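Each remark here refers to the structure printed beneath this line.
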Amino acid sequence: MRSISLLALLACSACPEIGERPPADAGASPSADSGLPYSWDASAAPGADAAAASASDTGATPSLDASGSTGPDAAGSPSCLGSELLAHLGKERVLAGFADDDSVQALAPWDLQYKYLSGGIPDGVGPCASCLTNCTADGQLCDNTHGCGWWGCWQWDQEPPGKYVGNFAAAGGAPKYGIVPMITYYEILQSSGAAEGAGEVAAANDPAFMSRFLADWRFVLQQIGMQKALLHIEPDFWGYCEHVNADPHGTPAAVASANPTDCAGQENSIAGLGRCMISMARKYAPNARVGLHGSAWGTKIDVLGNTDPAFDVAGEARKLGRFLKACGAADGDFVVVDASDRDAGYYQSVGRQSWWDETNATLPHFHQAFAWAKALAEEVGQPIIWWQLPVGNMALDDTADHWRDNRVDYFFAHADEVAAAHGVAMAFGAGMGGMTTPSTDNGNLIAKVKAYSAAGGAKLCP
Numbered sequence: 002m003r004s005i006s007l008l009a010l011l012a013c014s015a016c017p018e019i020g021e022r023p024p025a026d027a028g029a030s031p032s033a034d035s036g037l038p039y040s041w042d043a044s045a046a047p048g049a050d051a052a053a054a055s056a057s058d059t060g061a062t063p064s065l066d067a068s069g070s071t072g073p074d075a076a077g078s079p080s081c082l083g084s085e086l087l088a089h090l091g092k093e094r095v096l097a098g099f100a101d102d103d104s105v106q107a108l109a110p111w112d113l114q115y116k117y118l119s120g121g122i123p124d125g126v127g128p129c130a131s132c133l134t135n136c137t138a139d140g141q142l143c144d145n146t147h148g149c150g151w152w153g154c155w156q157w158d159q160e161p162p163g164k165y166v167g168n169f170a171a172a173g174g175a176p177k178y179g180i181v182p183m184i185t186y187y188e189i190l191q192s193s194g195a196a197e198g199a200g201e202v203a204a205a206n207d208p209a210f211m212s213r214f215l216a217d218w219r220f221v222l223q224q225i226g227m228q229k230a231l232l233h234i235e236p237d238f239w240g241y242c243e244h245v246n247a248d249p250h251g252t253p254a255a256v257a258s259a260n261p262t263d264c265a266g267q268e269n270s271i272a273g274l275g276r277c278m279i280s281m282a283r284k285y286a287p288n289a290r291v292g293l294h295g296s297a298w299g300t301k302i303d304v305l306g307n308t309d310p311a312f313d314v315a316g317e318a319r320k321l322g323r324f325l326k327a328c329g330a331a332d333g334d335f336v337v338v339d340a341s342d343r344d345a346g347y348y349q350s351v352g353r354q355s356w357w358d359e360t361n362a363t364l365p366h367f368h369q370a371f372a373w374a375k376a377l378a379e380e381v382g383q384p385i386i387w388w389q390l391p392v393g394n395m396a397l398d399d400t401a402d403h404w405r406d407n408r409v410d411y412f413f414a415h416a417d418e419v420a421a422a423h424g425v426a427m428a429f430g431a432g433m434g435g436m437t438t439p440s441t442d443n444g445n446l447i448a449k450v451k452a453y454s455a456a457g458g459a460k461l462c463p
């Protein structure tokens, strides 16, 4: 019998990199000198389009001040977004978390652990009754001998389907160590078989597929039941939806038509899909908390890679926030954002720039990222979870599994900045194989978590 973690790893070995910036032809021209997938779009900021939208929605447009923070908007900004979420989870400080690897659960006082569910869904009309017999995903048998990609069979095939999630969220799983379990549900792309981007957005309008997809989401929620957990819905997908149409009400999706049991009152659009999935979480996993993903490139501009000091970072964040609100994000509990899917040292080795300047003197830098996150949180009215942050550190040698990055060290050294920008969690993990992990970083992340915990952590509401 293979271990659960190995089954999960095998199932996701061919998964697309989550959080990777789309190719340059996805809606903006490539930058000739920065190595970024986008250059900033002069037509979007700080020009009349962005300014008009900002003024009509929130009043004066915040700009970056010397510290990189945004000033208050016309209505005044909430000072403690996320306090209710942390209180529900029994936490007071900004959460420190990691991805997947159960072997490090007991090595540090972690607050959070996230796992992906990706790789496909069952071929039938709903979840399989057994992993051992008569269950396939994408034509592949789901017993342990064959090992299909469906998360529901990522455990011993003689256990009931879904135990992988149930065991993780139950008292004997992550909560045994005081760790809040988090599920990243990332299934539309792989289970639809569509091309990444506009193809997967179009697949959301297929009633037969969406009936299976939403049945699988329901099955995830049923495994969590009354347990406390965080539910992260479809990273990248909402960004691609915004590329297709900045108004999610105008992009068709099979929602009520695919799942009248749970979402009969929702419109058949991308906006309705987000609202449907959030409402299903409330119905089937009432103690869980749920949020959509906010991609910094969703507005067709890679905001976190911006190098122009005149760029309206906050205005672009609000544009994204309005899109997510239309999809129901304000009815959720948080927005998930990411910095990069791979370590900066790896990207540098292939000729791509993804470093943020830790001195905050040269763009792109950390103050810009936090200013964007703060404006996004205030537009949506929900706190930020920083997720899939690269694990590398500057003492590594830029070889496989040992790539350099500066985000671990910066986030822990400036956790007060994370909190001030409405961040409730900083969760570190590799976005693809071969990147640095907590098991290959020479102990840096574990040491940082221990020191952070011993110092009391960063209070969200000082």
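Numbering (this note's numbering), first residue to last: 2 to 463. Ideal Cβ placement from N, Cα and C applies to all residues, glycine included. Just so it is clear, the structure is predicted and the values come from calculations on it, not from any experiment.
How would you label residue i, buried or exposed, when you count the other beta carbons within 10 angstroms and need 16 or more for buried?
i	result
residue 326	buried
residue 457	exposed
residue 227	exposed
residue 173	exposed
residue 391	buried
residue 384	buried
residue 442	buried
residue 57	Because residue 57 carries a pLDDT of 34, less than 50, the predicted location of this residue cannot be relied on, and no value is offered for it.
residue 450	buried
residue 85	exposed
residue 194	exposed
residue 80	exposed
residue 407	buried
residue 147	exposed
residue 206	buried
residue 310	exposed
residue 431	buried
residue 363	exposed
In chain order, what residues of the same chain have a beta carbon less than 6 Å from the beta carbon of residue i, not counting five sequence neighbours either side?
i	result
residue 445	394
residue 324	243
residue 250	270 and 272
residue 401	435
residue 139	121
residue 158	132, 133, 144 and 145
residue 416	95 and 459
residue 101	116
residue 320	300
residue 256	264, 267, 269, 273, 274 and 277
residue 179	none
Check whether the Cβ atoms of residue i and residue j sit closer than 8 Å, and answer yes or no.
i	j	result
residue 344	residue 437	yes
residue 125	residue 461	no
residue 122	residue 214	yes
residue 273	residue 254	yes
residue 405	residue 346	yes
residue 339	residue 290	no
residue 489	residue 187	Absent from the structure is residue 489, since the part of the chain shown begins at 2 and ends at 463.
residue 95	residue 420	yes
residue 386	residue 425	yes
residue 224	residue 167	yes
residue 98	residue 428	yes
residue 381	residue 315	no
residue 377	residue 229	no
residue 313	residue 433	no
residue 357	residue 370	yes
Tell me which residues share the same chain as residue i and place their Cβ nearer than 8 Å to its Cβ, disregarding the 5 neighbours each side in the sequence.
i	result
residue 199	241, 244 and 245
residue 447	105, 108, 109 and 439
residue 263	215, 219, 277, 280, 281 and 284
residue 328	239, 242, 249, 271, 272, 274, 275, 276 and 293
residue 397	346, 403, 404, 405, 437, 442 and 443
Given residue i, which residues of its chain have a CB within under 7 Å of its CB, disregarding the five upstream and five downstream residues?
i	result
residue 37	Its pLDDT being 30, under 50, residue 37 is placed unreliably by the model, and the measurement read from it follows with that caveat. Same-chain partners within the cutoff: 303, 306 and 354.
residue 169	116, 175 and 182
residue 259	208, 211, 212 and 215
residue 164	156
residue 87	93, 425 and 461
Taking 7 Å as the cut-off, does the CB of residue i come closer than this to any heavy atom belonging to the ligand PLP?
i	result
residue 284	This structure simply doesn't include the ligand PLP, nor any ligand for that matter.
Next item on the list: Counting only runs of 4+ residues fully inside the segment 341-422, write out the alpha helix (DSSP H) ranges in chain order.
Entry: 345-350, 367-381, 408-414 and 416-421
Notebook entry, point to check: Which ranges does the alpha helix (DSSP H) cover as unbroken runs of at least 4 residues, wholly within the segment 164-239, from first to last along the chain?
Noted result: 164-170, 189-193, 199-204 and 208-225
Checklist line | Segments of 3+ residues assigned as beta strand (DSSP E) that fall wholly inside the segment 75-158 | finding: 96-100 and 113-118
Item checked: Inside the segment 274-298 only - beta strand (DSSP E) runs reaching at least 3 residues -> 290-294
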